[in-house]
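Using numbering that gives the first Met the number 0, you'd call the opening residue of the sequence shown number 0 and step up by one each time. Structure first, then comments.
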Amino acid sequence: MEDTAIHAAGLASAAHGPSFFELFLQTDLVTKAVILLLIAASLWCWTIIFDKTFRLARLTHKANAFERAFWSGAPLDELYRRLAKRADHPMALMFATAMEEWRDSPKTTEVSFNRGLVGRIGQVMDLTMDREVESLEKNLSWLGTIASTAPFVGLFGTVWGIMNSFQAIAATKNTTLAVVAPGIAEALFTTALGLMAAIPALVAYNKLSGSIESYANRLGSFADEFAVVLSRELDAAKVA
């Protein structure tokens, strides 16, 4: 009866198996390095994902509020006075830099000068937009790098674990599960870690790239619309 209980406890312990931490401690230095590299890549990946997601959501919210104020019919100078000192998002910065160029230029009814002024304002807004979008895209390429390389790093750990299994077989001349299981466990563990790092990185890279592109298009549309508004202001001043 006692032997049966001991045997059952042994089976339960074997079925449960070692924890991930115990499995990590049992691996050699090469496998430990692979595991730590993949964990670091996964943490960096999620850091970028959360940062870009929350930042895009915040910028979209501020852009919505700014567009409501811009199209409310308030005079441009009044809107500039209200927003210039707290232009903390790309659309407001584009508006502020454009208005600075507008206010610093001499007022005239000459058509060629006014066309050049609208062109310069458009260039100023484009430069501001490019700078802000570039800042928004910073570190995004890491997601693509992790998505493309993490599976191969995990595959290296897989091959290394299988090699350890064959070496254990050669050393002990025994092919039982107890001999090959540690190496196979290492192989499967590194494969899983590689996929855990690569899959979220790939999905997030595609999603965030699309969101940033949509936001950049929105900024470009605002620049075109603002150029039209300024052209109307110039035409109105010429008629007056």
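Note that beta-carbon positions come from the ideal geometry of N, C-alpha and C, so glycine has one too.
Segment contact: the stretch 191-204 against the stretch 65-75, fewer than three CB-CB distances shorter than 8 Å; contact not assigned. Taking the Cα positions, alanine 62 is about 33 Å away from alanine 196. Note that the C-beta distance between methionine 93 and threonine 127 is below 8 Å. Cβ-Cβ separation between threonine 30 and glycine 153: approximately 11 Å, too far for a contact (criterion under 8 Å). The beta-carbon distance between leucine 218 and proline 89, rounded to whole angstroms, is 6 Å. This is short enough to meet the 8 Å contact definition. With fewer than 16 other Cβ atoms inside 10 Å of its own Cβ, alanine 56 counts as exposed. Our two residues, leucine 116 and threonine 52, have alpha carbons roughly 37 Å apart in a direct line. Per DSSP, alanine 86 is not a residue of any alpha helix (DSSP H), being assigned neither H nor E.
For a cut-off of 8 Å, the C-beta gap from tyrosine 214 to leucine 58 is around 7 Å, short enough to register as a contact.
Lysine 31: member of the alpha helix (DSSP H) spanning 28-69, first to last residue. Rounded to the nearest whole angstrom, the CA to CA distance from valine 123 to threonine 96 is 7 Å. DSSP places asparagine 205 in the helix class (H, G or I) of the three-state scheme. In the DSSP assignment, glutamate 77 falls within the unbroken alpha helix (DSSP H) covering 75-82. When only Cα atoms are considered, tyrosine 79 and aspartate 129 end up about 21 Å apart.
About 5 Å separates the beta carbons of glutamate 100 and isoleucine 120, which is inside the 8 Å limit, making them a contact pair.
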